[in-house]
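For reference, the structure is listed below as structure tokens.
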Amino acid sequence: MKRLIPTLKADGVSIEFIMLIRTILAASKEIAFRVSQGELSGILGSTLDENIQGETQKKLDVLSNQLIKDILLGDDQVRAIASEEEDDVVAGTPGAPYIVAFDPLDGSSNIDINGQIGTIFTILPARDDVADDSPLQFQQPGKNQVCAGYVLYGPATMLVLTTGGPTRCYTLDLTHGGYLLTQPEMNVPQDTQEFAINMANSRFWFDETTRYVNDLILGEEGPLGKRYNMRWNAAMVGDIHRVLTRGGIFMYPGDSRDPKKPAKLRLLYEANPMAMLLENAGAKAYAGKQRILDIQPDDLHQRVPVLMGSANEVDVCLSYYSE
Ligand code: AHG
Ligand code: MN
Ligand code: MN
Numbered sequence: 005m006k007r008l009i010p011t012l013k014a015d016g017v018s019i020e021f022i023m024l025i026r027t028i029l030a031a032s033k034e035i036a037f038r039v040s041q042g043e044l045s046g047i048l049g050s051t052l053d054e055n056i057q058g059e060t061q062k063k064l065d066v067l068s069n070q071l072i073k074d075i076l077l078g079d080d081q082v083r084a085i086a087s088e089e090e091d092d093v094v095a096g097t098p099g100a101p102y103i104v105a106f107d108p109l110d111g112s113s114n115i116d117i118n119g120q121i122g123t124i125f126t127i128l129p130a131r132d133d134v135a136d137d138s139p140l141q142f143q144q145p146g147k148n149q150v151c152a153g154y155v156l157y158g159p160a161t162m163l164v165l166t167t168g169g170p171t172r173c174y175t176l177d178l179t180h181g182g183y184l185l186t187q188p189e190m191n192v193p194q195d196t197q198e199f200a201i202n203m204a205n206s207r208f209w210f211d212e213t214t215r216y217v218n219d220l221i222l223g224e225e226g227p228l229g230k231r232y233n234m235r236w237n238a239a240m241v242g243d244i245h246r247v248l249t250r251g252g253i254f255m256y257p258g259d260s261r262d263p264k265k266p267a268k269l270r271l272l273y274e275a276n277p278m279a280m281l282l283e284n285a286g287a288k289a290y291a292g293k294q295r296i297l298d299i300q301p302d303d304l305h306q307r308v309p310v311l312m313g314s315a316n317e318v319d320v321c322l323s324y325y326s327e
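Below, the structure is given as structure tokens:
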């Protein structure tokens with residue numbers, strides 16, 4: 005089975021850029037090891053702190069953030085970083101070519117139940133027209149991303165990565181400690197009979213979401229004419245991994261639950277990298293009626309409604325939005 009580095013070299017990725025990806029993955033292997041040790045590594049449970057989004061930080065949120073932050077700030081390819089767990093942009097090496105945004109630990113509510121969790125990351129070109137630690141560094145549309153990926157800490161640790169070409173899947177080989185190419189090209193089926201949404205929010209949904217989900221549930225007796233099944237992992241990495249593997253539609257729509265948070269998922273380090281991975285595997289990714297990768301961000305921690313997955317099913321859902 006092919007290893008990561010020869011695969012990236014064959015894709016024409018530069019040695020410097022491969023080294024940057026390796027840096028991120030070194031932190032992921034450390035997190036994977038701690039996660040696999042569970043309670044024994046003392047990483048379960050909460051801290052007494054909250055992040056800028058008002059969410060209680062788990063010990064593993066803080067540890068993962070620290071590991072990735074430290075290793076990236078020591079990499080001479082990285083001009084600045086942004087993280088879900090950092091209030092502001094943190095400056096790295098002046099003049100370096102890239103900036104990195106990440107969700108160090110996605111699916112925090114699954115940590116203590118031994119469920120699926122992951123790390124999501126994205127790499128963008130650094131901007132020379134603004135200060136290294138300016139939030140404007142990261143206010144670039146997702147279509148500028150030069151690399152997007154996630155590491156899923158599940159029964160196996162898997163890396164899903166694109167550097168602009170196909171979305172490829174690797175599995176961490178614990179016997180030698182490297183990522184091996186196990187699915188050279190992920191292709192999301194165009195059609196699906198599986199949807200993912202947190203139904204507990206249904207009373208806060210806007211009308212178009214309610215109408216669409218009602219029709220999904222009506223199955224073969226409704227206007228969509230086929231029976232659907234539902235899955236919800238409570239970790240975007242787990243849900244998107246399923247969609248990339250066998251198709252599906254994943255939604256975290258805007259809702260009226262909390263007027264201060266009209267949507268839940270964050271654009272820069274959740275929606276954008278997942279949108280790039282999905283599009284490069286033949287799927288679609290929208291925020292309402294807008295393509296996610298076209299959104300011009302105006303805040304580091306900005307939230308967006310998310311609708312992504314099998315192309316034909318996303319189109320069906322979009323048709324409800326334009327009615
Ligand atoms: P995070 O753990 O990084 O804060 O992200 C959690 C996100 C996402 O992974 C998941 O899809 C969603 O929150 C789950 O939300 P609910 O708890 O509302 O189901
Ligand atoms: Mn997350
Ligand atoms: Mn997180």
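Per my numbering, the sequence shown starts with residue 5, numbered consecutively. Glycine included, C-beta positions come from ideal geometry on N, C-alpha and C.
State the start and end residues of the unbroken beta strand (DSSP E) segment that holds R83. 82-87
What's the C-alpha gap between I103 and G16? 20 Å
In three-state terms, what does DSSP make of D91? coil
Taking S260 as the reference, give the member of R207, G251, V93, L64 with the closest Cα. R207
Taking the alpha-carbon of P193 as reference, which of L248, L71, L8, A152 has the nearest alpha-carbon? L248
What are the boundary residues of the alpha helix (DSSP H) that includes K268? K268 -> no alpha helix (DSSP H), and no H or E assigned at all.
Using only the heavy atoms of ligand 1, determine whether one of them is closer than 7 Å to the beta carbon of A238. Yes, the beta carbon of A238 sits closer than 7 Å to at least one heavy atom of ligand 1.
Which residues in the same chain have their Cβ closer than 8 Å to the Cβ of N148, if we skip the five residues on either side of it in sequence? Only residues of its own chain outside the window of five on either side were considered, and among them L128, P129 have a CB closer than 8 Å to the CB of N148, listed in chain order.
Does Q70 come out as helix, strand or coil in the three-state DSSP assignment? Helix, per DSSP.
Out of curiosity, what's the CA-to-CA distance linking N233 and G223? 9 Å
Which term fits P309, buried or exposed, when burial requires 16 or more other beta carbons within 10 angstroms of its beta carbon? buried
I need the boundaries of the beta strand (DSSP E) containing P170, first residue and last residue. Taken as a continuous stretch (DSSP letters only), P170 belongs to no beta strand (DSSP E), as it is neither H nor E.
Counting only the same chain and skipping the five closest in sequence on each side, list residues whose C-beta sits under 8 Å from that of M75. Reading the sequence as shown, one finds Ile at residue 75 and not Met. These residues qualify, in order along the chain: T27, I28, A30, A31.
Is the closest heavy atom of ligand 1 to the C-beta of N276 under 7 Å? no
Between the beta-carbon of C321 and the beta-carbon of Y256, is there less than 8 Å? no
Continuous beta strand (DSSP E) stretch holding P108: start and end: 102-110
Please report the straight-line C-alpha distance between T213 and P10, rounded to a whole angstrom. 44 Å
Can we say the region 278-290 touches the region 149-169, given the rule of at least three CB pairs closer than 8 Å? yes
Residue span of the alpha helix (DSSP H) that contains T11, given as start and end: 8-14
Buried/exposed call for K62, threshold 16 Cβ in 10 Å: The residue is buried, with at least 16 neighbouring Cβ atoms inside 10 Å.
Mapping DSSP to helix, strand and coil, what is A200? In the three-state scheme derived from DSSP, where H, G and I count as helix and E and B as strand, A200 is classed as strand.
Classify G111 as buried or exposed, calling it buried when 16 or more other Cβ atoms lie within 10 Å of its own Cβ. Classification for G111: buried.
Cβ contact (3+ pairs, closer than 8 Å) linking the region 225-241 and the region 169-178: Output reads no: the region 169-178 does not touch the region 225-241.
Through-space distance from I72 to E34, alpha-carbon basis: If you draw a straight line from the Cα of E34 to the Cα of I72, it is about 10 Å long.
Measuring from the CB of D53, is there a heavy atom of ligand 1 at a distance below 7 Å? no
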